């Protein structure tokens, strides 16, 4: 028995040395890409027991290959504003891994977009897409363009210029983009129209998140927010809790946040706060979702306008303070690294029971450690927010069939997918010696499927 223990320890040390060696090479080859480094570190650390048990993955260089994009595209995006002034932005598309299906991942239009952010999102997308059980690989894209304050015509011209280049690299069986921050139904419509004009054909499956009148799927708008709540509810029930009667704080007020709030309310929760990039609102009586939808989806205004409709609520400049509000469940649905070490400590001190990541990598590595060390139930982003891309894959399937499912059919499939992701993550965490750690479980469950496909297809 002691010899087995020593052997296991030796195997773990060998695997750890291998993983750390590959990580150091990634740091040296990708200098200054802090977000990408963070995503790689979090995933790599959790995979050590996999390489200890299955050295075949190391022998085939799976880790080196999966962390290197199959293709990285950057391009110029010139456009003209309403005053006739020429602007130039930079466009990106990373086609990270296609071992289990065509590249799949959103487009983000935001001033912060750069190579590091696109690569971190694309790398995470590989495992997230694998977890859904759908045949989709990992990709991501976007531009350092800010849609805020732009007219519809300016956004249309930008999208048309962006797609003129992107169209060379995508297709229903090659790479299928969708929306992300700054890219909603309006932008997808302009992008699809330009793609259709360039191609001279109607390839509905080339983009997801489309309008219902031209190939979109019912429940796609709600999917990421609903899916996060479905995952967290399954996690809560596993530990004897539920959304019903719980106090919830949701960061953000975009698509993911709005529909996470909607589903949490349906399950009987009291949601007391949400935010945007300027600040946050706190409504002790519970957020009025219809008001939030009016402000953000119709008026495209700032969340501070909420108090014009509900003067009893409080608005605070600076969104970071939202995590000081006591809650049972926190759903970070805004952006990466919004919960740092200090915010995590505050949430724990205030008695938070569960964290459900609706955004991509919204918690820093230090924050995640604090949650796990304090036995806070933690749903990591690649598992918790996989509902959006899962329904995107369902939209692709409907496009291929030239057929549409009902809202109830899609929503039921989404619920089943999220429950399965939770169960697979729990199973993998237990099998590899980290029971209850869904960060490890989700990474391992997603990785093994992709790694096995890469092994089967040879060194490419």
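Numbering (the working numbering), first residue to last: 22 to 481. We put the CB at the ideal spot given by N, CA and C, even for glycine. Note that the structure is a prediction, hence the values are computed from the model and not measured.
For residue 354, no beta strand (DSSP E) run applies, since DSSP gives it neither H nor E. Residue 127 carries a strand assignment under DSSP once its states are collapsed to helix, strand and coil. In the structure shown, residue 384 adopts extended strand secondary structure according to DSSP, grouped into three states.
Rounded to whole angstroms, residue 220 and residue 185 show a C-alpha spacing of 10 angstroms.
In the three-state scheme derived from DSSP, where H, G and I count as helix and E and B as strand, residue 344 is classed as helix. DSSP places residue 106 outside both helix and strand once states are collapsed to three, so it counts as coil. As the crow flies, the alpha-carbon of residue 135 is around 11 angstroms from that of residue 115. For residue 395, the secondary structure class from DSSP, reduced to helix, strand or coil, is coil. A residue is called buried once 16 or more other Cβ atoms fall within 10 Å of its Cβ, and residue 403 is buried on that count. DSSP places residue 161 within a strand segment (E or B) once states are collapsed to three. Contact annotation: residue 368 and residue 344 have beta-carbon atoms nearer than 8 angstroms. As DSSP reads the structure, residue 73 sits in no beta bridge. Rounded to the nearest whole angstrom, the CA to CA distance from residue 123 to residue 40 is 27 angstroms. Under the three-pair Cβ rule at 8 angstroms, the segment 83-93 does not count as touching the segment 435-449. Membership of residue 87 in any beta strand (DSSP E) is not indicated; the residue belongs instead to the alpha helix (DSSP H) covering 83-87.
When beta bridges are read from the DSSP output, residue 118 appears opposite 159.
The straight-line gap separating the alpha-carbon atoms of residue 366 and residue 356 is approximately 19 angstroms. In this structure, the CA atom of residue 142 is about 16 angstroms from the CA atom of residue 411. Pairwise C-beta distances place the segment 174-190 out of contact with the segment 142-160, as fewer than three of them are shorter than 8 angstroms. With a cutoff of 8 angstroms on beta-carbon distance, residue 203 and residue 168 are scored as near each other. Residue range 23-50 is occupied by the alpha helix (DSSP H) that includes residue 37. Going by DSSP, residue 245 is part of the alpha helix (DSSP H) stretching over 244-259. Residue 410 sits in a helix when the DSSP states are folded into three classes. If you draw a straight line from the Cα of residue 415 to the Cα of residue 31, it is about 44 angstroms long. When secondary structure is reduced to three states using DSSP, residue 337 falls in the strand class.
For residue 197, no alpha helix (DSSP H) run applies; the uninterrupted beta strand (DSSP E) run containing it begins and ends at 196-200, by DSSP.
Excluding the 5 residues flanking it on each side, residue 458 has same chain C-beta neighbours closer than 6 angstroms at 450, in chain order. In the DSSP annotation of this structure, the continuous segment of the beta strand (DSSP E) that includes residue 92 starts and ends at 92-101. Judged by beta-carbon spacing, residue 324 lies within the 8 angstroms limit of residue 295, meaning their Cβ atoms are closer than that value. Non-local C-beta neighbours of residue 315 in its own chain, meaning closer than 6 angstroms and more than five positions away in sequence, are absent. For residue 272, the three-state secondary structure derived from DSSP is coil. Annotation for residue 330: the continuous alpha helix (DSSP H) segment containing it runs 327-330.
Taking the Cα positions, residue 425 is about 42 angstroms away from residue 347.
Between residue 69 and residue 78, the beta carbon gap of about 11 angstroms keeps them out of contact (Cβ cut-off 8 angstroms). Excluding sequence positions up to five before and after residue 151, its CB lies within less than 7 angstroms of the CB of 121, 467, 470 and 471, all in the same chain and listed in chain order. If you draw a straight line from the Cα of residue 274 to the Cα of residue 303, it comes to about 13 angstroms.
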